[in-house]
Amino acid sequence: MNKKLKTTLSTLIMAVASISIAIFAFKATQPEAFHRISDGFAMEEKTPPPDPSLKKQKGHQVIAYYFHTTFRCTTCFTMEQLTQKAILTGFPNELKNGLLVWKVINVDEKENEHYVKYYKLYTKSVIVADIKDGAQVRWKNLKDIWNLVDDEKAFTRYIQDETQSYLGKS
């Protein structure tokens, strides 16, 4: 084998090994709950919300959640920042009067682990939930955040449109 071919093969082998180690390290830092496949948990309509503080609320309320783990990449931080900006700039009055609530929740914390099963979370997520008289009546995982994260304008419009659709129905 010539020297150039040996060098190329060595580089290729090192690259594959490095990628394998990086993938292993990433998976090792993720919570076990994010590795599980959905076990068929079904949310029935009017299931109580997983946040006990909401049970005291009367009337209509919408909650916009950003769920994350302790380990987060740049993209995950960007999604949180863009979502927060979209919520804060798009709905200042609704936030002020309590119709809309913005929450950032780390599902690695023991008291928040139940959200993973409840909302069938498998990665960082934005969830919009509709609460009526303390009972959650519907929710939606805004999965397109992953496709829109590189387009701030489209991302913002998506978050605001989906949130507005929940605010507009009482």
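If you count by my numbering, then the sequence shown holds residues -17 to 152, one letter each, in order. Here a beta-carbon is modelled for each residue, glycine too, at the ideal position from N, C-alpha and C. Everything numeric in this text was worked out from a predicted model, so none of it was measured.
task = Going by CA-CA distance only, name the one from Trp121, Glu62, Met(-4), Phe49 that's closest to Val110.
result = Trp121
query = Thinking just about the alpha-carbon of each residue, which of Lys(-12), Asp143, Glu95, Phe137 is nearest to the one in Leu64?
reply = Ranking the options by Cα distance to Leu64, first place goes to Phe137.
ask   = When you compare only the Cα positions, how much space is there between Gly80 and Thr(-7)?
value = 57 Å
ask   = Roughly how many angstroms lie between the CA atoms of Ala68 and Lys(-12), to the nearest whole one?
value = Ala68 and Lys(-12) have their alpha carbons spaced roughly 52 Å apart.
inquiry  = Give me the DSSP bridge partner(s) of Tyr47.
reply    = Lys85, Ile109
message = Using 8 Å as the threshold, is the C-beta distance between Tyr148 and Asp126 below it?
response = no
key: Residue span of the alpha helix (DSSP H) that contains Lys122, given as start and end   = That residue, Lys122, is in no alpha helix (DSSP H); its beta strand (DSSP E) goes 117 to 123.
Distance between Leu82 and Asn75 (C-alpha atoms, nearest Å) = It is roughly 9 Å from the alpha-carbon of Asn75 to the alpha-carbon of Leu82.
CB contact flag (Ile87, Tyr100, <8 Å) = Cβ distance not < 8 Å, so Ile87 and Tyr100 don't count as in contact.
task = Give the C-beta separation of Val108 and Thr51 to the nearest angstrom, bearing in mind that I take them to be a contact with Cβ-Cβ under 8 Å.
result = So it is not a contact: roughly 14 Å between Cβ atoms.
message = Once the 5 residues before and after Glu144 are set aside, which same chain residues still bring their CB inside 6 Å of it?
response = Val110, Leu124
inquiry  = Using 8 Å for Cβ pairs, my map puts Lys106 next to Phe53. What's the rounded Cβ distance?
reply    = With 8 Å as the limit, Lys106 and Phe53 do not qualify as a contact, their Cβ atoms being about 10 Å apart.
ask   = How would you write the range of the alpha helix (DSSP H) that Leu64 sits in, first residue to last?
value = Unbroken alpha helix (DSSP H) run through Leu64: 56 to 72.
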